[in-house]
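Have a look at the structure below before the remarks.
There are 2 protein chains.
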Amino acid sequence: MTPQPLPSALPLTDRTRHRRLREQGSLARADLDAILDAGFLCHLGVVIDGRPFVVPTVYGRDERWLYVHGSVASRSLAGSTPVCVTATHVDGLVLARSVFEHGVNYRSAVIHGEARTVTDPDEKLEGLRRLTEHATPGQWTYARHPSRKELAATTLLAVSLEEASVKIRTGGPDDGDGPDAELGLWAGTLPLTQVWGAPVPDPLLPPDIPVPAHVARREGTGQG
Amino acid sequence: MTPQPLPSALPLTDRTRHRRLREQGSLARADLDAILDAGFLCHLGVVIDGRPFVVPTVYGRDERWLYVHGSVASRSLAGSTPVCVTATHVDGLVLARSVFEHGVNYRSAVIHGEARTVTDPDEKLEGLRRLTEHATPGQWTYARHPSRKELAATTLLAVSLEEASVKIRTGGPDDGDGPDAELGLWAGTLPLTQVWGAPVPDPLLPPDIPVPAHVARREGTGQG
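So the protein sequences, as listed, match chains F and C.
According to our numbering, the residues represented by the first sequence are 1 to 224, in order.
According to our numbering, the residues represented by the second sequence are 1 to 224, in order.
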């Protein structure tokens with residue numbers, strides 16, 4: 001199963017065209033990939049009875065598809081359903097001289113597509129593998145794989161990565177060369193990072209089972 | 001402007017009733033408040049032309065209303081619009097013996113309501129104050145307040161906190177007392193925390209302006 005690669009530039013569509021802060025938009029697929037690979041939790045939006053529902057869920061991806069654990073939204077996802085999947089990383093606060101210029105440094109990917117319920121057993125297993133490895137590299141080969149029954153009880157959705165909107169904001173505030181610079185106020189950014197902690201063993205775990213290397217090595221490293 | 005307090009229990013509605021993993025649901029308003037107060041970024045979902053749009057944005061709150069910076073969704077938010085606002089904190093990965101039992105420790109609040117565009121200047125200023133203080137306590141009294149022109153150029157939305165769905169997952173994996181415990185695999189959680197870094201001054205800042213105490217004291221503390 002070698003997915004067809006997508007063009008390296010994201011298409012500009014009516015949904016992905018940035019209406020404001022254009023300078024923050026990126027049409028590079030490499031930026032989309034990097035944002036998706038930096039995290040494992042997204043917010044999945046669906047429409048139910050004309051109203052929006054937004055639920056957090058985990059994801060994985062290949063070159064062509066975003067795979068989303070779909071149980072959280074299962075009541076709404078029969079067949080092909082319009083979805084919006086957004087992955088956001090917060091890198092810090094932008095503290096300006098004026099309240100008006102305050103902001104957030106962030107990276108976000110907003111993916112528009114139709115949710116396809118994955119039914120093919122091979123694709124489902126491969127999608128789950130990608131999802132598992134995406135959150136914890138090395139875990140798929142370590143843990144017990146899904147049984148046929150478990151696989152049937154799992155809802156996996158695929159969303160095409162074709163249409164996406166990427167926004168990135170970096171750097172300091174924008175009011176350093178305006179009249180507000182005369183106010184004598186401090187301005188800058190306050191970075192925010194996600195860090196993996198020490199593994200916490202299940203209380204039921206026998207003491208002689210060591211933390212596997214692929215889990216242990218994450219402690220103290222950044223995520224996002 | 002003293003908002004009317006809401007009941008301490010969240011109402012069970014067709015939208016907030018948990019369809020799965022009921023044990024993770026909470027109807028305590030205190031849990032909702034705690035989740036909202038632990039962060040400053042939410043995902044705002046709206047429906048445009050029948051399709052979902054999910055965008056990240058900052059928020060603040062009082063006892064009654066969630067205030068959301070609305071410019072990101074301004075093209076869609078004329079008048080009273082159904083919205084779903086979701087705030088999620090990821091506390092770690094749940095690594096089980098089987099792939100099927102893997103999960104995420106998290107806290108999420110899903111708020112359902114209609115977005116009301118705040119037009120009253122007093123409420124708008126107070127909403128922006130709450131939003132600013134929510135992200136950076138102490139910043140509203142430190143930074144320059146919005147001018148009349150800036151206030152007019154800011155879109156602030158209010159969403160009632162009346163109807164919300166709260167979910168919290170904590171603890172280790174659930175397969176420690178089943179047959180998979182015999183596999184001899186490590187299982188537990190890998191905590192993930194958000195930490196504030198050292199303030200980065202704007203390059204245009206004169207060197208004699210100190211980092212204010214309310215910003216400096218966050219360095220090294222957790223967020224979320």
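Note that CB positions come from ideal geometry on N, CA and C, so glycine has one too.
Query raised in the report: What separation, rounded to the nearest whole angstrom, lies between the Cα atoms of F:Val-58 and F:Leu-161?
Result: 16 Å
Report task. Would you kindly work out how many angstroms separate the C-alpha atoms of F:Leu-93 and F:Asp-120, rounded to a whole number? Result -> 44 Å
Query raised in the report: In whole angstroms, what is the alpha-carbon distance linking C:Tyr-67 and C:Gly-60?
Result: 5 Å
Query raised in the report: For F:Glu-63, which residues does DSSP report across the bridge?
Result: F:Glu-63 pairs with nothing; no bridge assigned.
Query - Sub-8 Å separation of C:Ala-187 and C:Pro-173 beta-carbons - result: yes
Query raised in the report: Thinking C-beta only, is F:Cys-42 closer than 8 Å to F:Thr-86?
Result: yes
Query raised in the report: What are the boundary residues of the beta strand (DSSP E) that includes F:Trp-196?
Result: 188-196
Query raised in the report: Is C:Tyr-106 closer than 8 Å to C:Arg-169 when the C-beta atoms are compared?
Result: yes
Report task. Under the assumption that C:Leu-190 contacts F:Trp-196 (Cβ atoms under 8 Å), give the Cβ distance between them as a whole number of angstroms. Result -> 6 Å
**Report entry** F:Ile-35: contacting residues in chain C (beta-carbon distance under 8 Å)
**Finding:** Chain C residues near F:Ile-35: none, gap ~12 Å exceeds 8 Å.
Query raised in the report: Taking 8 Å as the CB-CB cut-off, is F:Trp-196 touching chain C?
Result: yes
**Report entry** In DSSP terms, what C:Gly-103 is bridged to
**Finding:** C:Val-94
Query - Which of helix, strand or coil DSSP assigns to F:Glu-114 - result: strand
Query raised in the report: Skipping 5 residues on each side, what residues in its chain have a beta carbon closer than 8 Å to that of C:Ala-30?
Result: Ser-8
**Report entry** Identified DSSP bridge partners for F:Lys-167
**Finding:** F:Gly-25 and F:Ser-108
Requested in this report: Report all residues from its chain with a CB closer than 7 Å to the CB of F:Lys-124; omit the five preceding and five following residues, and keep chain order.
Outcome: Val-118, Leu-151 and Leu-156
Requested in this report: Could you spell out the range, first to last residue, of the beta strand (DSSP E) harbouring C:Val-215?
Outcome: First-last for C:Val-215: 213-216, but that is the alpha helix (DSSP H), not the beta strand (DSSP E).
Requested in this report: May I ask you to list the residues that DSSP assigns as paired with F:Gln-223?
Outcome: F:Gln-194
Query raised in the report: Residues of chain C with CB under 7 Å from F:Glu-150, in chain order?
Result: Phe-100
Requested in this report: State the CB to CB distance for the pair F:Val-166 and C:Arg-51, rounded to an integer number of angstroms; the pair is presumed to be in contact (CB under 8 Å).
Outcome: The pair is not a contact, with the Cβ atoms about 19 Å apart (cut-off 8 Å).
Query raised in the report: Closer than 7 Å, Cβ to any Cβ of chain F: which residues of the stretch 199-224 of chain C, in chain order?
Result: Pro-199, Val-200, Pro-201, Asp-202, Pro-203, Leu-204, Leu-205, Ile-209, Pro-210, Val-211, Pro-212, Val-215, Arg-218 and Gln-223
Query raised in the report: Cβ of F:Tyr-142 less than 8 Å from any chain C Cβ?
Result: yes
Query raised in the report: How about C:Ala-164: is its C-beta nearer than 8 Å to some C-beta of chain F?
Result: no
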